[in-house]
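> Protein sequences, first through last, are from chains P and A.
The opening position of the first sequence corresponds to residue 1 in this note's numbering, with each subsequent residue numbered one higher.
The opening position of the second sequence corresponds to residue 1 in this note's numbering, with each subsequent residue numbered one higher.
Idealized CB from N, CA, C, for every residue including glycine.
Structure in structure tokens, see below.
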Amino acid sequence: MNPIMDIAPQLARGLSITLTILVASALFAYLMAFIAGLCSLSKNILIRKITGLYVEIFRGTSLIVQLFWLVYAIPILFGLSLASNWVIGVMAIGLNYGAYLSEVVRSSILAVAPGQFEAAIALNMSSFQRMRLVIFPQAVRMMLPEFGNYTIQMLKGTALVSLIGLNDVLYFGNILRSSNLSYGPLIYIMVLVFYFILALPLIFLTRKAEKVAKKGVASS
Amino acid sequence: MTEPIVRYQNVHKSFGDVEVLKGIDLDIYPAEKIAIIGPSGSGKTTIIRMLMTLEEPTSGDIIVDGTNLWKMEKDEKMVKANEKHLRSVRGDIGMVFQHFNLFPHMTILENCMTAPIHVKGEDKKEVEQRSIEMLERVGLGDKIHNYPSQLSGGQKQRVAMARALVMRPKIMLFDEVTSALDPELVGEVLEVIRDIAKNDDMAMVLVTHEMDFALDIADKVLFLDEGVIAEQGTASDIIEHSQNERLQEFLSRFRA
């Protein structure tokens with residue numbers, strides 16, 4: 001009997017949670033990144049301050065504690081549970097990485113060469129057109145590699161949801177180990193391999209993104 | 001006598017504590033070709049950047065086609081112009097930059113087509129045809145689907161001129177457009193400017209260090225020195241009749 005063949009199908013049962021959490025939290029993080037990134041460049045000081053508060057709180061505190069807060073602390077404090085643990089996992093990871101990525105969005109927009117902005121004015125574009133046609137398409141190219149990197153980190157971050165009772169890959173690994181203690185090392189190596197295989201396409205995409213980013217950008 | 005299309009009235013500009021322009025009065029007439037010469041740091045570029053709305057004057061007025069560019073009327077008072085007002089006034093002005101500033105994520109045809117379509121709302125087919133004609137005119141008809149990164153500096157600058165021309169401006173501003181080019185590429189860009197100057201009836205303002213070229217094509221030459229227009233006149237006035245010592249000294253540096 002090959003233990004690897006025993007363990008793999010068990011771990012695979014967690015793939016759907018790991019992958020759905022990753023996809024949903026990544027999309028949510030990208031959305032937050034663009035909203036917060038653009039708000040942090042707003043002329044309105046109140047919007048900038050509120051955005052800054054969000055970014056610093058979520059960057060400056062631990063993701064796992066944020067998860068526990070949402071799952072365990074808020075229900076006791078306010079007497080309500082927010083949503084299913086799946087939704088909370090997506091929210092916590094999305095808000096956390098959205099905060100990091102908003103800084104990528106902000107700095108990429110600022111990194112587009114000022115001459116691009118001036119050329120757009122000389123062609124009499126409105127401020128919205130300047131952003132949409134000239135600045136944003138170049139900024140997005142610069143963002144891509146960092147978005148890839150953070151998405152890989154998010155994949156690894158999804159393992160934390162096993163701690164709020166979600167049945168992801170790590171969760172099933174833990175269950176297996178508690179019934180077969182001697183398999184512990186093999187189980188965790190296989191968990192690592194699972195994550196690595198999942199990360200491979202993301203690593204590949206990030207490499208590609210770096211090539212795209214090098215072309216088609218005038219940065220200062 | 002026709003009315004000037006642009007009128008600077010006692011325009012001052014400071015950057016921090018440094019006053020770069022100390023009272024500029026200047027009229028630009030339709031179809032007039034003006035060259036601005038002078039030592040580095042004398043404020044030549046700032047003059048045209050203020051007209052393109054890239055730099056706000058510290059005081060004074062710039063009137064474009066009868067409308068105050070940087071001020072607008074609100075509740076019977078003149079207040080600082082907002083974005084909407086600037087857009088409504090600067091539509092007839094185009095500019096070519098020292099560093100080209102082409103959009104690197106667009107082909108050179110797209111560089112030319114974007115603004116007429118999105119800013120002026122013109123028909124795409126018509127704009128495409130006009131853009132191709134303009135790119136052919138500047139000698140780049142075979143490169144319309146290339147990206148700016150695939151072009152030489154001189155080619156980039158010719159695209160930048162086509163891009164500005166497709167907008168059909170009444171006033172074209174040229175900001176040291178050959179300064180960033182390798183010497184052997186300067187000629188091809190100057191040829192295009194000469195062609196525009198000869199065949200198009202727009203007003204042109206050139207800030208340049210190409211002295212012979214400037215004196216050759218300009219109807220009026222301004223010598224800017226220490227923030228004021230120290231001398232102005234036709235090319236021959238400037239070269240032969242000026243008594244201004246600093247101008248003579250400045251010109252002699254180009255005639256070594």
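Can you list, in chain order, the residues of its chain whose CB lies under 6 Å from that of L165/A, leaving out five sequence neighbours each side?
Locating residue 165/A in the second sequence gives position 165, where the first residue counts as 1. So the qualifying residues of the chain are M134.
> Using the C-alpha atoms, what's the distance from L160/P back to V71/P?
On the first sequence, residue 71/P is found 71 positions in, with the first residue counted as 1. On the first sequence, residue 160/P is found 160 positions in, with the first residue counted as 1. When rounded, the distance between both Cα atoms is 13 Å.
> In chain A, which residues lie with their C-beta within 9 Å of the C-beta of P201/P?
Taking the first residue of the first sequence as 1, we reach residue 201/P at position 201. The contacting residues do not exist; P201/P stays about 25 Å from chain A at best.
> Are the segment 22 to 40 of chain A and the segment 66 to 73 of chain A in contact at 8 Å, needing three or more beta carbon pairs?
No: the two stretches stay apart, fewer than three of their Cβ pairs being nearer than 8 Å.
> How big is the Cα-Cα spacing for I24/A and H145/A?
If you number the second sequence from 1, residue 24/A lands on position 24. If you number the second sequence from 1, residue 145/A lands on position 145. Spanning the two alpha carbons is a distance of roughly 43 Å.
> Are the segment 240 to 250 of chain A and the segment 219 to 232 of chain A touching by the rule of at least three beta carbon pairs closer than 8 Å?
Touching, per the Cβ criterion.
> Would D175/A be called buried (16 or more neighbouring beta carbons within 10 Å of its own) or exposed?
Taking the second sequence and counting its residues from 1, one reaches residue 175/A at position 175. The residue in question, D175/A, is buried, as its Cβ has 16 or more Cβ neighbours within 10 Å.
> Per DSSP, K77/A forms a beta bridge with which residues?
In the second sequence, residue 77/A corresponds to position 77, counting from 1. In DSSP, K77/A forms a bridge with K74/A.
> If we ignore side chains and look at the alpha-carbon of each, how far apart do Q153/P and I203/P end up?
By 1-based counting over the first sequence, the position of residue 153/P is 153. By 1-based counting over the first sequence, the position of residue 203/P is 203. About 11 Å.
> Got a sec? Which residues, its chain only, sit under 8 Å from E96/A by beta carbon, not counting five neighbours each side?
Residue 96/A sits at position 96 when you count from the first residue of the second sequence. According to the sequence provided, residue 96/A is Val. The question's Glu does not apply to it. The answer, listed in chain order, is Q157, A160, M161, A164, M172, L173, F174, D175 and V177.
> By the 10 Å Cβ neighbour count, where 16 or more other Cβ atoms means buried, how is K43/P classified, buried or exposed?
By 1-based counting over the first sequence, the position of residue 43/P is 43. Under this definition K43/P is an exposed residue.
> Nearest chain D C-beta to L140/A closer than 8 Å, yes or no?
No chain D appears in the structure shown, which is made up of the protein chains P and A.
> Pull up the DSSP beta-bridge partners for Q232/A, would you.
Counting from 1 along the second sequence, the entry for residue 232/A is found at position 232. Bridge partners of Q232/A: L222/A.
> Mind pulling the chain P residues with CB within less than 9 Å of A162/A?
Taking the first residue of the second sequence as 1, we reach residue 162/A at position 162. Per Cβ cutoff of 9 Å: no residues; A162/A is ~12 Å from chain P at best.
> Taking just the CA atoms, how far does I36/A sit from T208/A?
As a first step, residue 208/A is located in the second sequence; it is residue number 208 there, counting from the start. As a first step, residue 36/A is located in the second sequence; it is residue number 36 there, counting from the start. Spanning the two alpha carbons is a distance of roughly 7 Å.
> From P169/A to L206/A, what does the alpha carbon distance come to, in whole angstroms?
Along the second sequence, one-based indexing puts residue 169/A at 169. Along the second sequence, one-based indexing puts residue 206/A at 206. Their backbone Cα atoms lie some 15 Å apart in a straight line.
> Cutting at 7 Å between CB atoms, please list the residues of its own chain near L181/A, excluding the five before and the five after it.
Stepping through the second sequence from its first residue, residue 181/A is reached at position 181. So the list reads G153, G154, Q157 and V189, once near-sequence residues are dropped.
> At a CB-CB cut-off below 8 Å, which residues of chain A make contact with R141/P?
In the first sequence, residue 141/P corresponds to position 141, counting from 1. Residues of chain A passing the Cβ test: H105.
> Taking the alpha-carbon of C58/A as reference, which of G16/A, D75/A and R194/A has the nearest alpha-carbon?
As a first step, residue 58/A must be located in the second sequence, where it is residue number 58. The question names Cys, but residue 58/A in the sequence shown is Thr. The shortest Cα separation from T58/A among G16/A, D75/A and R194/A belongs to G16/A.
> Please confirm if the segment 54 to 67 of chain P is in contact with the segment 84 to 98 of chain P, defined as three or more CB-CB distances below 8 Å between the two stretches.
Touching, yes.
> Is there a Cβ from chain P that is less than 8 Å from the Cβ of R7/A?
Residue numbering aside, residue 7/A sits at position 7 when the second sequence is read from its first letter. Not an interface residue.
> Can you say whether G60/P is buried or exposed, counting buried as having 16 or more other CB atoms within 10 angstroms of its CB?
On the first sequence, residue 60/P is found 60 positions in, with the first residue counted as 1. So G60/P counts as exposed.
> Could you tell me which chain A residues have their CB closer than 7 Å to the CB of L133/P, listed as they occur along the chain?
Position 133 of the first sequence holds residue 133/P. What L133/P touches in chain A: T114 and H118.
> Is D17/A helix, strand or coil when you go by DSSP?
As a first step, residue 17/A must be located in the second sequence, where it is residue number 17. Looking at D17/A - three-state DSSP - the assignment turns out to be coil, as it is neither helix nor strand.
> Residues in the same chain with beta-carbon distance under 6 Å from V221/A, minus the five sequence neighbours each way, listed in chain order, please.
Translated into positions along the second sequence, residue 221/A becomes position 221. Result list for V221/A: A35, A235 and I238, in chain order.
> Please return the same chain residues whose Cβ sits closer than 7 Å to the Cβ of V20/A, not counting the five positions on each side in sequence.
By one-based count along the second sequence, residue 20/A stands at place 20. K13, S14, G43, T46 and G227, listed in sequence order.
> Can you list, in chain order, the residues of its chain whose CB lies under 7 Å from that of E210/P, leaving out five sequence neighbours each side?
For this step, residue 210/P is matched to residue 210 along the first sequence. Answer for E210/P: P145, listed in chain order.
> Tell me where the alpha helix (DSSP H) around F172/P begins and ends.
Taking the first residue of the first sequence as 1, we reach residue 172/P at position 172. V169 to S179 is the span of the alpha helix (DSSP H), which, as asked, contains F172/P.
> Along chain P, in chain order, which residues have C-beta atoms closer than 8 Å to that of M167/A?
For the purposes of this step, residue 167/A is taken as residue 167 along the second sequence, with counting starting at 1. L123 and N124, listed in chain order.
> What is the residue span of the beta strand (DSSP E) that K33/A lies within?
Along the second sequence, one-based indexing puts residue 33/A at 33. K33 to I37 is the span of the beta strand (DSSP E), which, as asked, contains K33/A.
> Mapping DSSP to helix, strand and coil, what is M50/A?
Start at 1 with the first residue of the second sequence, and residue 50/A comes out as number 50. In the structure shown, M50/A sits in a helix (DSSP, three-state: H, G or I).
> For M167/A and P116/A, which I take to be in contact (beta-carbon distance under 8 Å), what is that distance rounded to the nearest angstrom?
The residue given as residue 167/A occupies position 167 in the second sequence. The residue given as residue 116/A occupies position 116 in the second sequence. Contact flag correct, Cβ pair sits at about 6 Å.
> Compare the Cα-Cα distances from L86/A to each of F103/A, I63/A, Q98/A and E240/A and report the closest residue.
Here residue 86/A refers to the residue found at position 86 when the second sequence is read from its first residue. When only C-alpha atoms are compared, the closest one is I63/A.
> Return no unless some Cβ of chain A is closer than 8 Å to the Cβ of E118/P.
Numbered from 1 along the first sequence, position 118 holds the residue referred to as residue 118/P. Judged by the 8 Å Cβ criterion, E118/P is in contact with chain A.
> State yes or no: is the beta carbon of Q138/P nearer than 8 Å to at least one beta carbon in chain A?
Reading the first sequence from its first residue, position 138 is the one you call residue 138/P. Closer than 8 Å to some Cβ of chain A, the Cβ of Q138/P qualifies, so yes.
> Around the C-beta of I4/P, are 16 or more other C-beta atoms found within 10 angstroms, so that it is buried, or is it exposed?
As a position in the first sequence, residue 4/P is number 4, starting the count at 1. Exposed is the call here.
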